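Residues 28 to 247 (our numbering) are what the sequence shown spells out, left to right. Structure, as structure tokens:
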Amino acid sequence: MSYIGNTKIGKMFLGDIEIAKAYLGDTLVFQKKAASRLPAGYTEVEYISNPSTAYIRTALYGDNTSWTLTAQRTSGSSNAILIGRRTSSGQWFGGLSNGRWGSNTASGAYVAINSTVKSSIVLSFGTTNISGTVDGSSFSRNGSASSSGSSYRYSLFSYGGNYPFVGSIFGDVVGVRNNAEIFHGVCCTDPNGVAGLYDLISETFYDSYNDVALVAGPAI
28 MSYIGNTKIG KMFLGDIEIA KAYLGDTLVF QKKAASRLPA GYTEVEYISN PSTAYIRTAL
88 YGDNTSWTLT AQRTSGSSNA ILIGRRTSSG QWFGGLSNGR WGSNTASGAY VAINSTVKSS
148 IVLSFGTTNI SGTVDGSSFS RNGSASSSGS SYRYSLFSYG GNYPFVGSIF GDVVGVRNNA
208 EIFHGVCCTD PNGVAGLYDL ISETFYDSYN DVALVAGPAI
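This is the structure we're talking about:
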């Protein structure tokens, strides 16, 4: 942003043409601010973090859903759910008690990458299986969700506050079913400064489902 005196310059024109960038010699002195993909009052941030037991409960449930996200665990030696739906059969993914990324327990499927490393994750929740990759390394584990009802929605950072994933999600969280995006969450804060995900598909803001607030990273 540039200034004339104490006044911020939001736009700059040459005749009727709006200027995207302006230089003084080799120095960039003005750059047009990119239009936000979020509604007015929302601010995109680098990441959102769970400090203890906060979690996001989405409106989505059902089989055959793929998810793409980037995450990093802060610490912890117990199982921690990054994303999953409530089940007795192990349909969740996160950090395991052995310190690795994986599904269900340390004795289940996992990849030899520590969950405290920032990682790109691609997951597929099927009817009887969860599989995916972490930074390109594959895993797969059998296990069926115990119900596809509304009480078994996909949650992030835990489900129901159980097995919390203390750590961060970076950038976007994308859910796909039948080759179509059904969820596209953007890390952000709302007009009141509350941290969460804004779903571009449903135009819905999801903050923490309980009374523990998520923490926002720096604004983008």
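Glycine residues also receive a C-beta, built at the ideal position from the N, C-alpha and C atoms. The model shown is predicted, which means the values in this text are computed figures rather than measured ones.
For residue i, I'd like the list of residues in its chain whose CB is within less than 8 Å of its CB, leaving aside the five on either flank, ordered along the chain.
{"i": "GLU71", "result": "SER63, ARG64, LEU65, VAL213, CYS214, CYS215, ALA246 and ILE247"}
{"i": "GLN99", "result": "SER142, THR143, VAL144, LYS145, SER146, GLY194, SER195 and PHE197"}
Measuring CB to CB, does residue i end up less than 8 Å from residue j?
{"i": "SER93", "j": "LEU150", "result": "yes"}
{"i": "ASP162", "j": "SER147", "result": "yes"}
{"i": "ALA136", "j": "GLY122", "result": "no"}
{"i": "TYR179", "j": "ARG113", "result": "yes"}
{"i": "THR97", "j": "LYS145", "result": "yes"}
{"i": "ALA222", "j": "ASP234", "result": "yes"}
{"i": "GLY111", "j": "TYR186", "result": "yes"}
{"i": "ALA86", "j": "LEU241", "result": "no"}
{"i": "SER164", "j": "VAL203", "result": "no"}
First and last residue of the beta strand (DSSP E) that includes residue i?
{"i": "THR231", "result": "231-233"}
{"i": "SER130", "result": "127-130"}
{"i": "ILE108", "result": "107-111"}
{"i": "VAL239", "result": "It is not in any beta strand (DSSP E) - VAL239 carries neither H nor E in the DSSP assignment."}
{"i": "LEU224", "result": "222-226"}
Can you tell me which of the options puts its alpha carbon nearest to the alpha carbon of residue i?
{"i": "ASN206", "options": "ASP53, ILE83, ASN91 and ILE46", "result": "ASN91"}
{"i": "GLY194", "options": "VAL203, PHE184 and VAL56", "result": "PHE184"}
{"i": "VAL201", "options": "TYR74, ASP226 and GLY187", "result": "ASP226"}
{"i": "THR155", "options": "ALA172, SER164 and ALA139", "result": "ALA172"}
{"i": "PRO191", "options": "VAL56, SER79 and GLY220", "result": "SER79"}
{"i": "GLY220", "options": "SER158, PHE232 and TYR181", "result": "PHE232"}
Going by DSSP, what residues sit across from residue i in a beta bridge?
{"i": "GLN118", "result": "According to DSSP, which records beta bridges pairwise, GLN118 is partnered with nothing at all."}
{"i": "THR160", "result": "VAL149 and SER165"}
{"i": "ARG204", "result": "ALA207"}
{"i": "PHE197", "result": "TYR74 and THR97"}
{"i": "TYR50", "result": "LEU55"}
{"i": "GLY135", "result": "Answer by DSSP bridge pairing: none, since GLY135 is not bridged."}
Beta-carbon within less than 6 Å of residue i's beta-carbon, same chain only, minus the 5 sequence neighbours each way: which residues are those?
{"i": "ALA133", "result": "LEU123, SER124 and ASN125"}
{"i": "GLY244", "result": "VAL72, GLU73 and TYR74"}
Residues in its own chain within less than 7 Å of residue i by CB, not counting five upstream and five downstream?
{"i": "ILE31", "result": "Because the pLDDT at ILE31 is just 47, under 50, the model does not fix this residue reliably, and the value given afterwards should be weighed accordingly. Excluding residues within five positions, none has a Cβ falling inside 7 Å."}
{"i": "THR248", "result": "As displayed, the chain neither begins before 28 nor continues past 247, which places residue 248 out of reach and without an answer."}
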